[in-house]
Structure formats: structure tokens, C-alpha cells
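Peer 1: Before I ask anything, here is the structure I am working with.
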Amino acid sequence: MAARRVYARATNGRLGSGSIHDGVPLKSPPGPSVGIDRAVIAWAVLVFALLFLGLAPLYVLHLDLAKLNASTAGVAPIALIGILFTAYTPTIAALLVAWRWPSAGGVRKLLKQVTRWRVHIGWYLVALLGPIPLLLLADLIFVMFGGAAPKQWLAMPSGTAEGGMSALLFTIGAVIAGAIGEELGWRGFGQSRLQVGIGALGAAIIIGLLWSTWHLWPVAVPGGISLFAWTDFPQTYLRLTSTAVLYGCLYNSTRGSLLVVLVAHGAFNLDTAIVQTPASDVHTIPIIVAVLHGIAALAVVLATNPRTLTRHPVNLAEMVGSRRES
Numbered sequence: 164m165a166a167r168r169v170y171a172r173a174t175n176g177r178l179g180s181g182s183i184h185d186g187v188p189l190k191s192p193p194g195p196s197v198g199i200d201r202a203v204i205a206w207a208v209l210v211f212a213l214l215f216l217g218l219a220p221l222y223v224l225h226l227d228l229a230k231l232n233a234s235t236a237g238v239a240p241i242a243l244i245g246i247l248f249t250a251y252t253p254t255i256a257a258l259l260v261a262w263r264w265p266s267a268g269g270v271r272k273l274l275k276q277v278t279r280w281r282v283h284i285g286w287y288l289v290a291l292l293g294p295i296p297l298l299l300l301a302d303l304i305f306v307m308f309g310g311a312a313p314k315q316w317l318a319m320p321s322g323t324a325e326g327g328m329s330a331l332l333f334t335i336g337a338v339i340a341g342a343i344g345e346e347l348g349w350r351g352f353g354q355s356r357l358q359v360g361i362g363a364l365g366a367a368i369i370i371g372l373l374w375s376t377w378h379l380w381p382v383a384v385p386g387g388i389s390l391f392a393w394t395d396f397p398q399t400y401l402r403l404t405s406t407a408v409l410y411g412c413l414y415n416s417t418r419g420s421l422l423v424v425l426v427a428h429g430a431f432n433l434d435t436a437i438v439q440t441p442a443s444d445v446h447t448i449p450i451i452v453a454v455l456h457g458i459a460a461l462a463v464v465l466a467t468n469p470r471t472l473t474r475h476p477v478n479l480a481e482m483v484g485s486r487r488e489s
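The sequence shown maps to residues 164 to 489 in this note's numbering.
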């Protein structure tokens, strides 16, 4: 026992897990839980279940996605509604799991992230304007290597010039609605909960892979594969996984402000319509954009703590606001 007391003093009483003191096992203080939250697994499964529910009319009605329009065989409206539904499946799944899963924290806590608006204005500027120089750089690289320059480098989204301010506001509203349909799920639920157990970088990569697979749903329906070039697959995974890292940095750096991420997502969708792409090429530019996203994501990883994807310490568990279940 004397030797035991000497060892205890030498280690300041920290005897470690599995040590024995007077015949009683000593346990280390509980550390952060490690692993994948079961609520996240339930959410991911539900996202893809709802996705295929929305796509079911295409299978049942034997509709060719490449030929689909509002008047196809008089039955396309239900298919188009289903496709519209799929755009909101990440958020719908998050709301359902938050509502019904015992440890998921509830819908109110999930939605509260959208109201976290008090962050430094610089983050809003990065979110709003960040995509424009990246997209312009992609065009410039394309031209430098012999590609045709666009007729206009910047232009208002199609139809907004003729429709005036009302058309522009409608376009912006549609873009924001689309971002809400995804971000409550990808970042608000998936990233926020997953990163507590495996770190922000690991969580962002997993969310990015799920996000990419979800975006490639057309390949799973009749006629959809004809809409893709083979390069669309690797560039989609590279761009969206890299974007997940960038959005993970935005989300954590603003202490879980989903509003900033919504601005970033919506701005990218809008900016792709503002920054013009040469009509002669629809596949090379996306590859360049994906590579630039990859470089930006790598820069973020090198400049931040991979555990949090931030420059300064943050408590990842506080962004969840509910008990995890591993």
C-alpha cells in the first residue's frame, strides 16, 4: 500500500481507468461520447426513404426523366410534385426525427438555429459574396486554357430583367426556400450532432458524401442517367464534400448560426445564375469549380482546428442543445 500511495502522489491521484484502489476498480471521469449518434442514423435513413417516396411516381408511371415536362402523358404533374418534394427531404426528415426521437431535442431547438442572426457582419459578407470570385475564377481559368469566353461575365438571372424587381424577389425567395429545404437537415441536424462524437471535419466529410449521393438521385430513375456525363459524378462528390467542409466552418465559426449557412447556400445557387458560363461547355466549368472548392476546403482545414473547423475554441455540444445517443 505504501508503494501505491507513492504512485498516487506522483500522479496527483490520477490513477487511470481500470486501476484498483483497496480492491475497488477506479474509473476515469467520463469523457465526450465518441461514435455516430443513432438519431443521425435514423435521420439519414429517413432522408433516402422520403427521397424514393418522392420519386415513386416516376417508377409507377414509367416516365422517362429526360423527356419529362408538365404535359407528359397528362400525368406528369404528380411526378413533378414528387420531384419538388424530394428537394425538401433533408429538412423534412430532420423535423420528423427531432419531433419523434426521444433524444433529438425537439423541433423548436432545431428551428432556433435559424434565428441566430447576431454574428459578425463579416461572416454574412463571406457567405453572400464568397461564391462570386470563385465562379469568376473558374471562368477565367477556362478561358486561359483556350475555352471560349462567355458573352457576359455577369448578368441578372434569366427572366428577372424582364420581370423587374418582383421577378428578382421571387427568384431570391425560391433560392432561399430551396436552401431551407436542405440546410435544416445537412447542417442543422446532421453536422451539429455528428461532429460531437467524431469531430467537425469527419462529420463534414460524411455529410458531404450523403449530400452528394442525394443530389445524384436522377441516375436512379428511368432516363436519368442520360442527363449525366461521367465527369459529373466525381466533380459532384468533390464539390459538395468540399462545400460541406466550408459550410461546417461557417456554421461552427458563428456558434451554430444556420442563418449564415442558409445565406451561403442560397447565394451560391443565385450566383451560379449571375456568373455566366460559356454556352459551348457545360461539363468543364463544373470540374474547375469543384477543384477550386477542394482547394478552398483544404485551406480551411489547414488554417483551423480539424476537430472544430474554427480558429478559436468552441463547444460543439452546445450547438446540439440536446442529449446525444450513441
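Virtual Cβ for every residue (Gly too), placed ideally from N, Cα, C.
Pairs of beta-carbons, one from the segment 369-377 and one from the segment 399-406, closer than 8 Å: are there three or more?
Peer 2: yes
Peer 1: Could you work out which residue in P441, V438 and Y410 is closest to V426 when comparing CA atoms only?
Peer 2: Y410
Peer 1: Checking 8 Å against the spacing of the C-beta atoms, do A480 and V282 come in under that value?
Peer 2: no
Peer 1: Going along the chain, which residues of its own chain have a beta-carbon closer than 7 Å to the beta-carbon of P294, five neighbours each way excluded?
Peer 2: Answer for P294: A430, F431 and D434, listed in chain order.
Peer 1: Shortest alpha-carbon distance to T394 belongs to which of L216, P449 and A312?
Peer 2: Nearest to T394 by alpha-carbon distance, out of L216, P449 and A312, is P449.
Peer 1: Going straight from the alpha carbon of I388 to that of H475, what length do you get?
Peer 2: 44 Å
Peer 1: Excluding the five sequence neighbours on either side, which residues of its own chain have a C-beta within less than 6 Å of the C-beta of Y400, listed in chain order?
Peer 2: S375
Peer 1: Select from Q439, P220, P296 and V203 the residue whose C-alpha is nearest the C-alpha of A383.
Peer 2: P220
Peer 1: Can you tell which of A205, I199, P240 and R201 has the C-alpha that lies nearest to the C-alpha of L218?
Peer 2: P240
Peer 1: How long is the line joining the alpha carbons of G268 and A261, rounded to whole angstroms?
Peer 2: 6 Å
Peer 1: Tell me the DSSP secondary structure of N415 in three-state form.
Peer 2: In the structure shown, N415 sits in a helix (DSSP, three-state: H, G or I).
Peer 1: Nearest by alpha-carbon distance to L258: which of N468, S416, F391 and A202 is it?
Peer 2: A202
Peer 1: Measuring alpha carbon to alpha carbon, tell me which of F305, I244, G344 and L226 ends up nearest D444.
Peer 2: F305
Peer 1: Please tell me whether A229 and L390 are closer than 8 Å, where the distance is taken between their beta carbons.
Peer 2: yes
Peer 1: Assign V438 to one of three DSSP states: helix, strand, or coil.
Peer 2: strand
Peer 1: Starting from the Cα of T440, find the closest Cα among V463, I255, A311 and I284 and give me that residue.
Peer 2: A311
Peer 1: So, at 7 Å on beta carbons, what are the nonlocal neighbours of A205 in its own chain, with the 5 sequence-adjacent residues on each side left out?
Peer 2: V260 and W264
Peer 1: From L461 to V338, what does the alpha carbon distance come to, in whole angstroms?
Peer 2: 27 Å
Peer 1: Put T404 into one of helix, strand or coil per three-state DSSP.
Peer 2: If DSSP states are grouped into helix, strand and coil, T404 belongs with the helices.
Peer 1: Smallest Cα separation from Y414: which of L455, P296 and V463?
Peer 2: V463
Peer 1: DSSP beta-bridge partners for L317?
Peer 2: Partner(s): V438.
Peer 1: Exposed or buried, H428, counting other C-beta atoms within 10 Å across all chains shown (16 or more means buried)?
Peer 2: buried
Peer 1: Does DSSP put N468 in a helix, a strand or coil?
Peer 2: Here N468 sits in strand by DSSP.
Peer 1: One question on the structure: do P385 and L226 come within less than 8 Å of each other, judged by their Cβ atoms?
Peer 2: Going by C-beta atoms, P385 is nearer than 8 Å to L226.
Peer 1: Quick one: grab the DSSP three-state call for T399.
Peer 2: helix
Peer 1: Is it the case that the CB of Q358 approaches a heavy atom of the ligand ATP more closely than 7 Å?
Peer 2: Absent from the structure shown: the ligand ATP. Ligands present: none.
Peer 1: Hey, how far is the Cα of F215 from the Cα of A256?
Peer 2: 13 Å
Peer 1: T467: buried (16+ other C-beta within 10 angstroms of its C-beta) or exposed?
Peer 2: buried
Peer 1: Would R470 and G362 be called neighbours here (beta carbons separated by less than 8 Å)?
Peer 2: yes
Peer 1: Cα separation between I370 and L465?
Peer 2: A straight line joining the alpha-carbon of I370 with that of L465 spans about 20 Å.
Peer 1: Taking T473 as part of the alpha helix (DSSP H), name the residues at either end of that continuous run.
Peer 2: Segment: none, T473 is in no alpha helix (DSSP H) and carries neither H nor E.
Peer 1: Using DSSP with H/G/I as helix, E/B as strand and the rest coil, what is D200?
Peer 2: Under the three-state reduction of DSSP output, D200 falls in the coil class, being neither helix nor strand.
Peer 1: Which same chain residues, not among the five before or five after Q354, have their C-beta less than 7 Å away from its C-beta?
Peer 2: A366, A367, I370, G411 and Y414
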